[in-house]
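Enquirer: For the sequence shown, position 126 (counting from the first letter as 1) is numbered 125 according to numbering that gives the first Met the number 0, and the numbering increases by one without interruption. Every residue, glycine too, gets a C-beta built ideally from N, C-alpha and C. Keep in mind it's a predicted model, so treat the numbers as computed, not measured. Before anything else, here's the structure in question.
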Amino acid sequence: MATLTNIIAQAKVKISLSVKAMNLAWKVYRQSYKAIGKTFAEALKHAWAKVLLTAALKKPMTVFSFVKKSTGETVTRTATQLSITSKPRTWTVEKAATLTKNWFIVRFYDATKQGWRSCDCRTLVAIH
0 MATLTNIIAQ
10 AKVKISLSVK
20 AMNLAWKVYR
30 QSYKAIGKTF
40 AEALKHAWAK
50 VLLTAALKKP
60 MTVFSFVKKS
70 TGETVTRTAT
80 QLSITSKPRT
90 WTVEKAATLT
100 KNWFIVRFYD
110 ATKQGWRSCD
120 CRTLVAIH
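In structure tokens, the structure reads:
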């Protein structure tokens, strides 16, 4: 049975993620998507993919699928942003007044290949 404090904590996390997603979506739309004719809905969809994947990777192990841009194949990775040997670079929406050139890249530690990899969050298929 869920306690009131657990319900409140879960609600705070959901609100925090939606604020991050909306902030990122507006930045993406204003600074790049609007100029090339893409809609705010597309910016919001990609911002949610970035925020949810980044949040999921903070867990010890996460399984997700994405489409590799080089080959077009769908790959599934077991990954985390936690590593014993090296500390990952973190990404935050609040600290950047303007978008970085590669805002859509998510770095992760691939548990299968034992190394740091990256993926384009715009090609995210699912977080399992």
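Taking the alpha carbon of T75 as the reference point, which residue from A42, C118, T38 has its own alpha carbon closest?
Expert: Sequence index remark: in the sequence shown, residue 75 carries index 76 (1-based). Nearest C-alpha to T75: C118.
Enquirer: By a C-beta neighbour count over all protein chains shown, 10 Å radius and 16 as the cutoff for buried, is K49 buried or exposed?
Expert: Counting from one through the sequence shown, the residue named residue 49 turns up at place 50. With 16 or more other Cβ atoms within 10 Å, it is buried.
Enquirer: Please name the residue in M60, V27, E72 whose C-alpha comes closest to that of Y108.
Expert: As a first step, residue 108 is located in the sequence shown; it is residue number 109 there, counting from the start. Ranking the options by Cα distance to Y108, first place goes to M60.
Enquirer: Going by DSSP, what residues sit across from T99 in a beta bridge?
Expert: Within the sequence shown, numbered from 1, the residue matching residue 99 stands at position 100. Answer is none; T99 lacks a bridge partner.
Enquirer: Compare the beta carbon distance of L43 and A24 with 8 Å and say whether it is the shorter of the two.
Expert: Your numbering for residue 43 matches position 44 in the sequence shown. Your numbering for residue 24 matches position 25 in the sequence shown. Their beta carbons are under 8 Å apart, which means L43 touches A24 by this criterion.
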